[in-house]
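Novice: Below you'll find the structure I mean.
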Amino acid sequence: MTASLTRKQFTSLLCPHLGGARMSHPVRMFDRRAFLKALAALGVSGAAPAYTQERPRFGEAPFALGVASGYPTQNGFVIWTRLVTDPSLPGGGIDPVRTRVNWEVASDDKMRDVVASGVDFLVPAWAHSMHVEVEGLQPDRPYWYRFNAGNAESPIGRTRTAPPARSVPARFRFAFASCQHYEHGYFSAYRHILADDPDLIAFLGDYIYGRHAAKDAVRSHGSSEPKTLSRYRVRHALYKTDPDLQAAHAAVPWICTWDDHEVANDYAADQPEDDAPLEEWVTRRLVAYKAYYEHMPLRDRMQPTAQGMRIYAQMGWGDLARFFIVDGRQYRTPQACPRPDSKSGANTVNVAECPQLFSPERTLLGRRQEAWLETALELTPARWNILAQQTLMAQLDQQPGPGRQAWTDGWDGYPVARKKLLDFIATKKTPNPVVIGGDTHTFYVADLKRDFDQAKSPVVASEFVGTSISSQSSWPPERMAQLLAENPHLKFADNRHRGYVRVEVTPKQWRADLRAMETVAKPDGACSTLASFVVDDGRPGPRRI
68 MTASLTRKQF TSLLCPHLGG ARMSHPVRMF DRRAFLKALA ALGVSGAAPA
118 YTQERPRFGE APFALGVASG YPTQNGFVIW TRLVTDPSLP GGGIDPVRTR
168 VNWEVASDDK MRDVVASGVD FLVPAWAHSM HVEVEGLQPD RPYWYRFNAG
218 NAESPIGRTR TAPPARSVPA RFRFAFASCQ HYEHGYFSAY RHILADDPDL
268 IAFLGDYIYG RHAAKDAVRS HGSSEPKTLS RYRVRHALYK TDPDLQAAHA
318 AVPWICTWDD HEVANDYAAD QPEDDAPLEE WVTRRLVAYK AYYEHMPLRD
368 RMQPTAQGMR IYAQMGWGDL ARFFIVDGRQ YRTPQACPRP DSKSGANTVN
418 VAECPQLFSP ERTLLGRRQE AWLETALELT PARWNILAQQ TLMAQLDQQP
468 GPGRQAWTDG WDGYPVARKK LLDFIATKKT PNPVVIGGDT HTFYVADLKR
518 DFDQAKSPVV ASEFVGTSIS SQSSWPPERM AQLLAENPHL KFADNRHRGY
568 VRVEVTPKQW RADLRAMETV AKPDGACSTL ASFVVDDGRP GPRRI
């Protein structure tokens with residue numbers, strides 16, 4: 068089948084960011100050998116293990132990475148685990164054979180009233196990971212779950228179903244977080260998230276990091292930047308050993324998207340940060356996607372293929388709120404005006420000197436994802452509509468005085484695509500649009516306008532960007548005052564603190580509390596509210612309280 072593909076068909080498979088649209092930038096073309104190597108990297112060409120362990124016996128507990136759940140619907144959710152006894156080993160210390168694992172879901176925390184159960188056979192090709200899409204449950208209530216493999220039983224996890232469609236709950240509470248560099252600090256913010264008792268956690272990218280901390284490392288990755296499947300598996304497993312991260316996965320359902328560091332810094336679709344050969348880069352990206360899938364509570368349809376991995380999705384909380392979770396990395400046009408002396412395509416540019424920024428063919432989401440998002444926004448039944456994406460959408464002029472300076476890796480590098488999306492939201496009158504993001508290691512609160520350069524341009528949406536769980540900011544804190552002065556649509560900017568954003572949504576109001584850690588250099592840091600903002604129903608624009 069692969070041999071019969073035309074070059075055009077082949078390119079459309081492995082260059083999904085093209086999305087049927089002509090692009091002005093050069094596209095790196097793939098050949099059949101790269102395609103077959105990608106298939107091999109995913110393990111689809113290998114034979115299944117001949118031996119099956121029906122009743123495995125483990126000397127050590129094989130649930131060292133814990134349990135997780137995600138993507139709740141009104142009648143179910145995904146539950147996840149991965150068999151691991153030694154997180155430092157690529158295979159997790161598990162025999163390379165098919166292994167039987169049982170799962171149960173109960174209506175009580177003692178697991179006495181089991182309402183759903185099943186069995187699966189986990190294989191080494193997928194790192195003995197397990198993704199179960201549980202269905203047929205009651206809406207808007209908690210459930211508990213666990214796994215059993217031979218003589219070993221997992222910890223009990225807690226999750227919940229979403230409210231039924233067409234219902235409007237009185238309240239919905241969630242937290243969103245991003246950017247957790249293991250070496251920069253402890254993930255103790257999750258302990259405070261759990262104390263808030265949220266219904267959901269939204270993670271917005273940079274779940275793992277490849278590179279070492281430049282200085283002041285609190286703890287160590289213990290190995291070099293991952294570029295192979297085995298190394299990505301070890302890195303994910305290391306992060307999952309953080310007790311607060313593991314506890315957050317076990318207690319609350321998650322929805323997730325990625326940014327760049329799950330693969331490599333500042334990559335853009337088929338363009339790596341460095342000058343790696345195309346075949347090598349395609350393989351690296353696919354194995355990174357595979358390792359991500361193996362370690363996250365994702366739906367079966369998100370399983371990676373040789374074409375890539377579709378993670379963009381939507382999820383409703385009754386008709387009160389709806390998330391549109393997008394992918395800003397896999398389908399984007401490469402960054403405009405890269406520095407000639409840099410391996411990265413990302414750059415800080417004087418806008419007047421980079422006309423390429425304003426090409427109408429440049430896209431951050433890719434044409435297919437843009438079309439999907441527009442359709443979903445047009446049809447939404449929700450009172451509050453939340454675009455869960457990776458970074459700051461508001462324009463950020465970094466240059467004091469006349470002129471404008473922009474960072475090309477974020478939405479400022481794709482201004483035409485941003486305006487198109489905001490124009491669509493304004494024209495279609497999407498109810499209560501709110502954009503949430505991460506990436507910047509900074510708290511930002513902003514008005515989103517159709518034209519950021521016009522003071523009287525109407526506000527069409529509200530934006531909240533969370534700081535990092537642990538990753539440090541590279542900007543001096545004093546720079547925040549300059550950014551606020553240059554960008555009047557910004558309501559708040561702070562990069563001194565690590566933390567998360569706590570949100571409570573009611574039919575009449577959105578409230579966001581910016582939660583700041585005292586320190587992440589030790590595992591028991593305190594947490595406090597730095598600032599609080601509300602958005603009133605029908606009135607876009609955050610208001611500080």
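Just so you know, we're using our numbering here: the sequence shown kicks off at 68 and counts up by one.
All C-beta atoms in this analysis are idealised placements derived from N, C-alpha and C, irrespective of residue type, glycine included.
Does the structure place the segment 187-200 close enough to the segment 220-239 that three or more beta carbon pairs sit under 8 Å?
Specialist: No: fewer than three Cβ pairs fall under 8 Å.
Novice: Considering Cα atoms alone, identify which of Met376, Thr308, Met460, Val201 is closest to Asp39.
Specialist: No information on residue 39 is available, as it lies outside the stretch 68 to 612 that the chain covers here.
Novice: Grab me the residues of Gln472's own chain with a C-beta within less than 8 Å of its C-beta, minus the 5 sequence neighbours each way, in chain order.
Specialist: Around Gln472: Thr415, Val416, Asn417, Val418, Asp464, Gln465, Gln466.
Novice: DSSP state of Asp604, grouped into three classes?
Specialist: Coil at Asp604, not helix or strand.
Novice: So, Val483 versus Phe425, is the Cβ gap smaller than 7 Å?
Specialist: Yes, they are a contact pair.
Novice: Distance check for Glu340 and Pro93, CA to CA, integer angstroms please.
Specialist: Any answer about Pro93 is weak, because its pLDDT of 37 lies below 50 and its placement is not dependable; what the coordinates show is given next. Taking the straight line joining both Cα atoms gives about 16 Å.
Novice: State yes or no: is the C-beta of Ser599 within less than 7 Å of the C-beta of Asp580?
Specialist: Closer than 7 Å, so yes.
Novice: If you drop the 5 nearest sequence neighbours on each side, which residues of the same chain put their C-beta closer than 8 Å to that of Ala522?
Specialist: Pro555, listed in sequence order.
Novice: For Arg606, tell me which candidate among Ile275, Leu150, Asp514 has the shortest Cα-Cα distance.
Specialist: Minimum Cα distance to Arg606 is reached at Asp514.
Novice: Bridge partners of Arg512, per DSSP?
Specialist: Looking at the sequence itself, residue 512 is Val, so the reference to Arg does not match. Phe531, Phe559.
Novice: Express the C-alpha separation of Pro544 and Val618 in angstroms, rounding to a whole number.
Specialist: Outside the shown range of the chain, which is 68 to 612, sits residue 618, and nothing can be said about it.
Novice: Curious, which full-length beta strand (DSSP E) runs of at least 3 residues does the segment 349-405 contain?
Specialist: Complete beta strand (DSSP E) runs here, min 3: 380-384, 388-392.
Novice: So, does the segment 152-171 touch the segment 313-329, judging by three or more C-beta pairs under 8 Å?
Specialist: No contact exists between the segment 152-171 and the segment 313-329.
Novice: Tell whether a beta-carbon distance below 7 Å holds between Val570 and Phe214.
Specialist: It is not a contact, given that the beta carbons lie outside the stated cut-off.
Novice: By Cβ distance, which residues of its chain are closer than 6 Å to Val330, with the 5 residues on each side in sequence left out?
Specialist: Only Arg352, Ala355 meet the Cβ criterion.
Novice: Could you pull out every residue in the same chain whose Cβ sits closer than 7 Å to the Cβ of Gly158, ignoring the five residues on either side in sequence?
Specialist: Hits under 7 Å: Pro191.
Novice: Return the first residue and the last residue of the beta strand (DSSP E) that Ile322 is part of.
Specialist: 321-323 is the extent of the beta strand (DSSP E) around Ile322.
Novice: Of the residues Val199, His248, Ala304, which one's Cα is nearest the Cα of Asp153?
Specialist: It is Ala304.
Novice: Using 8 Å for Cβ pairs, my map puts Arg450 next to Val602. What's the rounded Cβ distance?
Specialist: With 8 Å as the limit, Arg450 and Val602 do not qualify as a contact, their Cβ atoms being about 12 Å apart.
Novice: Under 8 Å by Cβ, that's how I've got Gln456 and Gly504 pegged, so tell me the actual separation to the nearest angstrom.
Specialist: 5 Å between Cβ atoms; contact.
Novice: Is it right to say Val532 is buried, meaning 16 or more other beta carbons lie within 10 angstroms of its own, or is it exposed?
Specialist: Its Cβ being crowded by 16 or more others within 10 Å, Val532 is buried.
Novice: Once the 5 residues before and after Ala380 are set aside, which same chain residues still bring their CB inside 6 Å of it?
Specialist: Only Ile392 meet the Cβ criterion.
Novice: Quick one, are the C-beta atoms of Thr586 and His564 less than 7 Å apart?
Specialist: The answer is no: Cβ separation not under 7 Å.
Novice: Can you tell me where the beta strand (DSSP E) with Asp580 in it begins and where it stops?
Specialist: Run containing Asp580: 576-584, per the beta strand (DSSP E) assignment.
Novice: Find the nearest neighbour of Tyr511 within the set Leu132, Lys486, Ala336, Leu597, judged by alpha-carbon distance.
Specialist: Residue Leu597 is the option with its Cα nearest to Tyr511.
Novice: Should the segment 262-275 be called in touch with the segment 241-251, which here means at least 3 C-beta pairs below 8 Å?
Specialist: Contact holds: three or more Cβ-Cβ distances are below 8 Å.
Novice: What separation, rounded to the nearest whole angstrom, lies between the Cα atoms of Asp476 and Ala443?
Specialist: Distance between the alpha carbons of Asp476 and Ala443: 25 Å.
Novice: For Leu431 versus Tyr360, is the C-beta spacing smaller than 7 Å?
Specialist: No. Outside cutoff.
Novice: Between the C-alpha atoms of Arg435 and Gln397, what's the straight-line distance to the nearest angstrom?
Specialist: Cα to Cα, the separation comes out at about 12 Å.
Novice: To the nearest angstrom, how far is it from the Cα of Ala335 to the Cα of Gln247?
Specialist: Rounded to the nearest angstrom, the two C-alpha atoms are 21 Å apart.
Novice: Taking DSSP as the reference, what is the three-state secondary structure of Met178?
Specialist: It is coil, neither helix nor strand.
Novice: Along the chain, where does the alpha helix (DSSP H) containing Trp451 start, and where does it finish?
Specialist: First-last for Trp451: 451-455, but that is the beta strand (DSSP E), not the alpha helix (DSSP H).
Novice: Could you have a look at Gln472 and say whether DSSP puts it in helix, strand or coil?
Specialist: The answer is strand: DSSP assigns Gln472 an E or B state.
Novice: For Gln423, I'd like the list of residues in its chain whose CB is within less than 7 Å of its CB, leaving aside the five on either flank, ordered along the chain.
Specialist: Once the five neighbours on either side are set aside, the close Cβ partners of Gln423 are Ala403, Cys404.
Novice: With distances taken from CA atoms, which of Arg399, Lys294, Tyr253 is nearest Glu347?
Specialist: Nearest option by C-alpha distance: Lys294.
Novice: Can you check DSSP and say which residues form a bridge with Gln120?
Specialist: Thr166.
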